[in-house]
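Quick note, the sequences are listed as chains D and H, same order. Residue numbers for the first sequence follow our numbering, beginning at 9 and rising by one. Residue numbers for the second sequence follow our numbering, beginning at 582 and rising by one. Note that the Cβ used here is the ideal one computed from N, Cα and C, for glycine as well.
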Amino acid sequence: MKGEDQVDVFEQRLNRRQALQAGAGAALAAYGLSACGGSSSSSGEEVFVKPEIDGDLLIFNWAQYMDPAIKKSFAEEYGVEVNEVNFDNMEAMMIKIRQGGGPYDLIFPTGEYVERLRNEGLLASFDREQLKNAQEVDAFYDNPSYDPESKHTLPYTYYTTGICWRDDQVQGMTGSWNDLTNPDGEGRMFILDDFQEAIGQANLLNGFELNTEDPEEIEQSKETLLEQKEFARGFSTNSVQNLVAGSASIHQAWNGDVVNTRNQVDNPDVFRYETCKEGVPVGSDTMAIPNNARSPGTALMFIDWVLQPDNAARNVSWNGYPQPVAGAKETFQELVKTEPSIDVKLDDLDDQAMEYGFESQEGRELWNETFTEVKAA
Amino acid sequence: MQAGFWNRFLVIPGLWLLALFALPVFLVLGLSFGNVDEFGVAVYGSPFDPAGLDNYKDAFDPVYVPSLIRSVTYALATTAICLAIGYPIAYYIARFGGRWKYVLIAALVMPFFVNYLVRTYAWVALLADDGLVNNAIVDLGLASDGIKMINTPFAVIGGLVYGYLIFMILPVFAALERMDPSVIEAGKDLYGSKLQTFLHVTLPQTKHGIMAGSVLVFLPTVGDFVSASLLGGPDTYMVGNLIQDQFFAANNWPFGAALTVIMMAFLLVWMIGYLRTVARDARAAV
């Protein structure tokens with residue numbers, strides 16, 4: 009009876025030898041997996057990068073943060089593909105890099121995150137002098153605190169955090185973080201989905217230091233955030249998208265976002281931006297190359313391309329953020345003439361108290377937990 | 582001899598299960614007893630470490646209860662709606678599809694070849710304040726300002742229903758297909774009305790399809806985070822979002838792992854309940 013035989017085959021218990029075979033296979037598979045895990049955390053040799061085309065480029069950046077024309081012209085000039093993947097917040101970017109994700113060739117960390125990536129040996133190094141346009145970079149970015157020898161980063165943009173709103177829907181803005189809960193924006197207000205920006209503005213509103221790690225103060229800011237959440241439509245860092253799509257009347261946002269939004273709508277005049285009297289968080293975004301990049305040379309060439317005066321000028325008028333390089337400065341001043349609120353000076357960035365950062369890992373965990381609790385409530 | 586030869590092939594599924602199921606589960610377990618070092622990097626731990634169970638204690642903090650209740654509520658609502666929509670569709674196709682039956686099923690499955698995330702993004706574009714649906718509502722004069730649809734619990738549940746509907750339709754369809762159509766005729770011959778025949782003949786016969794469909798919809802829905810993060814608002818935060826944020830925003834993998842373990846245990850209870858019912862019915866049927 010053939011049918012019965014077949015049934016037997018599958019019901020027979022595995023004998024010891026077969027079980028061992030299966031076990032050995034599993035061990036092998038486990039070894040393979042752990043090997044994958046091992047290669048990703050690249051605390052190995054720091055790669056030194058030379059500016060030369062060595063493959064296609066994969067950029068890891070915020071959404072809507074670079075004029076697509078810059079990528080396109082680079083791709084045409086050098087005959088490589090330029091692809092971009094987006095992250096929603098710095099923490100997510102950091103985690104992907106730590107895991108060896110991508111592997112991405114070019115990232116845009118803030119100063120604070122450059123320091124963290126550098127401490128973990130996740131950034132490749134290069135010599136600025138080898139780039140054509142690096143000498144056009146403002147001296148402010150020579151040996152910054154987060155990159156003491158200027159060998160891991162070049163600056164991309166700098167920014168302020170404030171509030172973007174539509175003056176056809178919202179009246180009576182006062183230049184305060186209280187404006188997030190302006191009654192006209194109820195149910196159409198967004199808070200940035202970034203634990204530092206969200207808690208930071210609440211700290212300022214309560215009259216605390218931007219970066220306070222005092223548990224009682226953070227508890228009070230949590231209450232503030234919970235009240236604001238009642239008013240909010242969501243937590244999101246896709247501010248331009250939310251404003252353009254018309255879901256937002258009030259949006260915690262970065263200064264360039266208002267320009268970028270205006271560039272994409274039929275009614276640009278209604279979009280406004282303000283910084284707040286309780287305090288204006290500032291920061292710098294940089295360009296850096298992960299140590300495990302597949303095409304680090306192309307990435308460095310691309311950094312040079314972004315810093316090239318014409319490209320920088322074009323990019324500034326597209327995304328609305330100042331770039332600390334020749335060419336871009338004049339363009340930004342033109343933008344400031346039409347919208348003074350977006351102005352930010354490099355001197356403003358000297359004030360470390362208005363830049364996000366933590367004294368301790370406990371502080372970072374406290375902020376993270378607090379933001380999680382606000383979102384889960 | 583022959584039996585021994587064929588048994589060797591069990592190594593392959595054995596490997597598969599160990600490498601892609603058992604091992605990851607152990608990794609998650611190990612992580613859930615761990616903590617985060619001073620650089621923010623996750624460290625594995627064991628339940629016997631002095632702080633080994635801290636993540637589990639944190640997970641039962643009352644602040645996380647609302648997300649759990651919300652997830653289960655959304656999942657139950659989704660399952661009920663999927664059943665209400667999916668059953669008639671499966672019934673219609675199985676009973677009246679004729680030679681188009683499998684074409685219709687294929688047509689239903691087709692959209693699911695597109696990534697769930699991408700399909701959910703499409704809903705964002707459709708339901709946005711200035712989206713296609715709202716433009717149509719305004720143009721038709723149904724509401725002058727349109728209706729706020731996106732960023733509401735309804736949008737989240739809608740996204741979940743759309744995302745998992747097929748997992749209800751297919752098992753129910755299979756159950757209806759397996760059913761002998763002559764029992765329906767028998768029901769009618771015994772002067773049962775259409776409704777009575779359906780309630781007393783068709784429905785009990787397809788009970789297992791409904792249960793399988795409900796489990797297949799419920800389990801992934803409880804842990805879903807895509808729908809809530811794209812279509813939801815500040816008050817639609819689900820357990821899936823909580824877990825996802827621990828891994829990709831709050832950088833607390835051990836806590837995320839502990840939440841995952843609790844969630845798996847919770848879902849296992851439902852799964853075991855389902856399997857026991859099926860096994861009991863199978864024994865009763867013999």
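| residue 100/D to residue 372/D, Cα distance in whole Å? | 15 Å
| task | Apply the 10 Å Cβ neighbour rule to residue 46/D and answer buried if 16 or more other Cβ atoms are within range, or exposed otherwise. | result | The pLDDT assigned to residue 46/D is 37, lower than 50, so where the model puts this residue is not dependable; a value taken from the coordinates is nonetheless given after this. Exposed, because fewer than 16 other Cβ atoms sit within 10 Å of the Cβ of residue 46/D.
| request: Compile a chain-ordered list of the residues in the stretch 233-247 of chain D whose CB is closer than 7 Å to at least one CB of chain H. | output: 237, 240, 241, 242, 243
| Buried or exposed: which applies to residue 358/D, given that a residue is buried once 16 or more other Cβ atoms fall within 10 Å of its Cβ? | exposed
| task | Using beta-carbon positions only, say whether residue 213/D and residue 186/D come within less than 9 Å of one another. | result | yes
| Cβ-based neighbour list, residue 803/H, same chain, cut-off 6 Å, excluding 5 preceding and 5 following | 652, 656
| Helix, strand or coil at residue 282/D [DSSP, three-state] | strand
| Per DSSP, which one or two residues make a beta bridge with residue 762/H? | According to DSSP, residue 762/H bridges with nothing at all.
| Interface partners of residue 103/D on chain H, CB under 8 Å | 828, 829, 832
| task | Just the chain D side, please: which residues come within less than 7 Å of residue 805/H by C-beta, in chain order? | result | In chain order: nothing, as chain D lies at least about 16 Å away.
| query | Does residue 617/H get closer than 9 Å to chain D when you measure Cβ to Cβ? | reply | yes
| task | Consult DSSP for residue 330/D and reduce its assignment to one of helix, strand or coil. | result | coil
| query | Taking the DSSP output, what are the residues bridged to residue 623/H? | reply | 617/H
| task | Give me the Cβ distance between residue 86/D and residue 332/D, rounded to the nearest whole Å; I'm assuming they're in contact under 8 Å. | result | Not quite, the Cβ-Cβ distance comes to about 25 Å (not below 8 Å), so this is no contact.
| According to the neighbour-count rule (16 or more other Cβ atoms, all chains shown, within 10 Å of its Cβ), is residue 368/D buried or exposed? | exposed
| Just the Cα atoms here: how many angstroms apart are residue 154/D and residue 355/D? | 17 Å
| query | Can the beta-carbon of residue 198/D be found less than 9 Å from the beta-carbon of residue 256/D? | reply | yes
| Euclidean distance between Cα positions of residue 268/D and residue 823/H | 31 Å
| message | Closer than 8 Å between beta carbons: that is the criterion. Which residues of the stretch 254-275 of chain D meet it against chain C? | response | The displayed structure is made up of protein chains D and H, and chain C is not among them.
| task | Compute the distance between the beta-carbons of residue 91/D and residue 64/D, then report whether it is under 9 Å. | result | yes
| query | In angstroms, rounded to a whole number, what distance separates the CA positions of residue 810/H and residue 851/H? | reply | 25 Å
| field | Partner residues on chain D for residue 710/H, Cβ-Cβ distance less than 8 Å | value | 253, 254, 255
| request: Indicate whether the contact test is met: 3 or more Cβ pairs, each with one atom in the stretch 829-840 of chain H and one in the stretch 609-626 of chain H, closer than 8 Å. | output: yes
| said: Would residue 56/D and residue 158/D qualify as a contact pair, given that the criterion is a beta-carbon distance under 9 Å? | reply: no
| field | Endpoints, the beta strand (DSSP E) within which residue 296/D is located | value | 290-296
| field | Spatially closest choice to residue 68/D from 148/D, 350/D, 310/D, by CA coordinates | value | 310/D
| said: Less than 6 Å between C-beta atoms, sequence neighbours within five positions excluded: which residues of the same chain meet that for residue 175/D? | reply: 278, 280
| query | DSSP state of residue 163/D, grouped into three classes? | reply | strand
| How many Å lie between residue 191/D and residue 238/D at the Cα? | 12 Å
| message | Just to make sure I have the definition right: I need the residues of chain D whose C-beta is within less than 7 Å of the C-beta of residue 626/H. Which are they? | response | In chain order: nothing, as chain D lies at least about 16 Å away.
| query | Which residues in the same chain have their Cβ closer than 6 Å to the Cβ of residue 764/H, if we skip the five residues on either side of it in sequence? | reply | 782
| Per DSSP, residue 172/D is paired with what? | 259/D, 281/D
| request: Determine the DSSP secondary structure at residue 352/D, reduced to helix, strand or coil. | output: coil
| request: Over the uninterrupted beta strand (DSSP E) stretch that includes residue 240/D, give me the two end residues. | output: 240-243
| By DSSP, does residue 607/H sit in helix, in strand, or in coil? | helix
| request: Return the chain-ordered list of same chain residues with a C-beta closer than 6 Å to the C-beta of residue 79/D, the five sequence neighbours on each side being excluded. | output: 90
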